[in-house]
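Asks: Residue 0 is where the sequence shown starts when you use numbering that gives the first Met the number 0, and the numbers rise one by one after that. The beta carbon of each residue, even a glycine, is placed where N, CA and C say it ideally should be. Below is one structure. I have some questions about it.
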Amino acid sequence: MVNFSLEGKVAFVTGASYGIGFALATAFAEAGAKIVFNDIKAELVEKGLAAYKEKGIDAKGYVCDVTNEEQVQATVAQIEKEVGVIDILVNNAGIIKRIPMHEMTAAEFRQVIDIDLNGPFIVSKAVIPSMIKKGHGKIINICSMMSELGRETVSAYAAAKGGLKMLTRNICSEYGEYNIQCNGIGPGYIATPQTAPLRERQADGSRHPFDSFIVAKTPAARWGTPEDLMGPAVFLASDASNFVNGHVLYVDGGILAYIGKQPQ
Numbered sequence: 000m001v002n003f004s005l006e007g008k009v010a011f012v013t014g015a016s017y018g019i020g021f022a023l024a025t026a027f028a029e030a031g032a033k034i035v036f037n038d039i040k041a042e043l044v045e046k047g048l049a050a051y052k053e054k055g056i057d058a059k060g061y062v063c064d065v066t067n068e069e070q071v072q073a074t075v076a077q078i079e080k081e082v083g084v085i086d087i088l089v090n091n092a093g094i095i096k097r098i099p100m101h102e103m104t105a106a107e108f109r110q111v112i113d114i115d116l117n118g119p120f121i122v123s124k125a126v127i128p129s130m131i132k133k134g135h136g137k138i139i140n141i142c143s144m145m146s147e148l149g150r151e152t153v154s155a156y157a158a159a160k161g162g163l164k165m166l167t168r169n170i171c172s173e174y175g176e177y178n179i180q181c182n183g184i185g186p187g188y189i190a191t192p193q194t195a196p197l198r199e200r201q202a203d204g205s206r207h208p209f210d211s212f213i214v215a216k217t218p219a220a221r222w223g224t225p226e227d228l229m230g231p232a233v234f235l236a237s238d239a240s241n242f243v244n245g246h247v248l249y250v251d252g253g254i255l256a257y258i259g260k261q262p263q
């Protein structure tokens with residue numbers, strides 16, 4: 000029988016107080032995993048703990064900046080001491096800045112790269128030694144459509160997510176022999192607080208132009224939901240995917256397969 004169970008596994012999902020990270024952690028909990036998460040601010044961690052409690056999930060939350068290597072190493076050591084060795088890591092924490100490239104400062108570009116690419120490197124580096132000792136581990140990087148495609152105003156985000164796709168492949172290449180699988184999930188356009196501005200109705204009640212554009216470009220003819228990512232994440236976190244490595248699973252409603260409708 001295919002084993003999708005996460006019973007007894009410790010899953011660390013970064014930035015999982017809300018949104019996609021919260022949905023994935025909830026799915027892992029339903030599959031039997033113990034949930035730990037972090038966020039950069041104490042109030043976000045408290046908000047997350049309350050949300051998990053409301054769902055009946057006994058999660059542990061830690062205040063930690065994924066770009067700070069000392070904090071990450073200390074947090075991982077604390078998790079190992081208080082909960083257990085991390086079996087599943089999801090590098091979910093991330094930001095986006097929608098600024099035309101010629102108007103973006105180098106500092107703004109670096110901030111996006113630091114959180115979206117350096118962060119996954121720092122956290123993965125912290126958990127890999129114990130995964131090697133245990134003889135098994137799962138790392139899931141939250142990639143993006145922008146791991147494959149470009150678009151106006153997201154130069155830093157696309158650069159980071161393209162880099163994260165290659166980091167995913169390299170972790171697979173370097174640590175696959177230790178029975179560590181590193182894969183990515185590439186969400187399509189997902190309805191979250193982060194993308195809410197792109198779905199706001201206009202003053203006349205019409206759809207936001209970008210909202211209309213995405214629905215037209217998606218064969219499923221809708222935005223995705225965080226729930227659409229739950230099954231793929233459980234698959235990649237479970238023993239069902241033990242021979243899947245270095246892969247990015249795009250959960251995009253078909254966008255990458257579709258050239259779009261012919262103009263009328």
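To the nearest whole angstrom, what separates the beta carbons of Asp86 and Lys137, a pair I think is in contact under 8 Å?
Replies: Residue 86 sits at position 87 when you count from the first residue of the sequence shown. Residue 137 sits at position 138 when you count from the first residue of the sequence shown. At roughly 7 Å, the Cβ-Cβ gap stays under 8 Å, so Asp86 and Lys137 are in contact.
Asks: With distances taken between CB atoms, is the gap from Ile95 to Val65 smaller than 8 Å?
Replies: For the purposes of this step, residue 95 is taken as residue 96 along the sequence shown, with counting starting at 1. For the purposes of this step, residue 65 is taken as residue 66 along the sequence shown, with counting starting at 1. No, these two residues do not count as a Cβ contact at 8 Å.
Asks: Counting C-beta neighbours from all protein chains within 10 Å, is the total for Ser205 16 or more, i.e. buried, or is it exposed?
Replies: As a first step, residue 205 must be located in the sequence shown, where it is residue number 206. Per the 10 Å Cβ criterion, exposed.
Asks: Thinking C-alpha only, which one of Ala219, Arg200, Gly149 is nearest Tyr257?
Replies: The sequence position of residue 257 within the sequence shown is 258, counting from 1. Among Ala219, Arg200, Gly149, the Cα nearest to that of Tyr257 belongs to Ala219.
Asks: Given a threshold of 16 other Cβ atoms within 10 Å of its Cβ, counted over all protein chains shown, does Pro225 qualify as buried or as exposed?
Replies: By one-based count along the sequence shown, residue 225 stands at place 226. Buried: at least 16 other Cβ atoms inside 10 Å.
Asks: Grab the span of the alpha helix (DSSP H) containing Gln110 for me, first residue to last.
Replies: Numbered from 1 along the sequence shown, position 111 holds the residue referred to as residue 110. Note, Gln110: alpha helix (DSSP H), 105 to 112.
Asks: Distance check for Asp238 and Ile170, CA to CA, integer angstroms please.
Replies: Here residue 170 refers to the residue found at position 171 when the sequence shown is read from its first residue. Here residue 238 refers to the residue found at position 239 when the sequence shown is read from its first residue. So the two alpha carbons sit approximately 18 Å from each other.
Asks: Run through DSSP, which three-state label would Gly83 get?
Replies: Start at 1 with the first residue of the sequence shown, and residue 83 comes out as number 84. Note: Gly83 maps to coil in three-state DSSP.
Asks: What would DSSP say about Gly31, mapped onto helix, strand or coil?
Replies: As a working note, residue 31 is residue 32 in the sequence shown. If DSSP states are grouped into helix, strand and coil, Gly31 belongs with coil.
Asks: Determine the contact status of Arg134 and Lys164, defining contact as a CB-CB distance below 8 Å.
Replies: Position 135 of the sequence shown, counted from the first residue, corresponds to residue 134. Position 165 of the sequence shown, counted from the first residue, corresponds to residue 164. In the sequence under discussion, the amino acid at residue 134 is Gly, which differs from the Arg named in the question. No.
Asks: I'd like to confirm the pairing. Which residues does DSSP put opposite Asn90 in its beta bridges?
Replies: Sequence index remark: in the sequence shown, residue 90 carries index 91 (1-based). Paired residue(s): Asn140.
Asks: Is the beta carbon of Ser172 sitting closer than 8 Å to the one on Lys160?
Replies: Your numbering for residue 172 matches position 173 in the sequence shown. Your numbering for residue 160 matches position 161 in the sequence shown. Against a cut-off of 8 Å, the Cβ pair of Lys160 and Ser172 comes out as no contact.
Asks: Can you give the Cα-Cα distance for Gly18 and Met229, rounded to whole angstroms?
Replies: Taking the sequence shown and counting its residues from 1, one reaches residue 18 at position 19. Taking the sequence shown and counting its residues from 1, one reaches residue 229 at position 230. Rounded to whole angstroms, Gly18 to Met229 spans 12 Å at the Cα level.
Asks: Within 10 angstroms of the Cβ of Phe242, are there 16 or more other Cβ atoms? Answer buried if so, exposed if not.
Replies: Reading the sequence shown from its first residue, position 243 is the one you call residue 242. Exposed.
Asks: Within its chain, find whatever has a CB closer than 8 Å to the CB of Gly118; leave out the 5 residues flanking it on each side and keep chain order.
Replies: As a first step, residue 118 is located in the sequence shown; it is residue number 119 there, counting from the start. Thr13, Val65, Thr66, Asn90, Ala92, Gly93, listed in sequence order.
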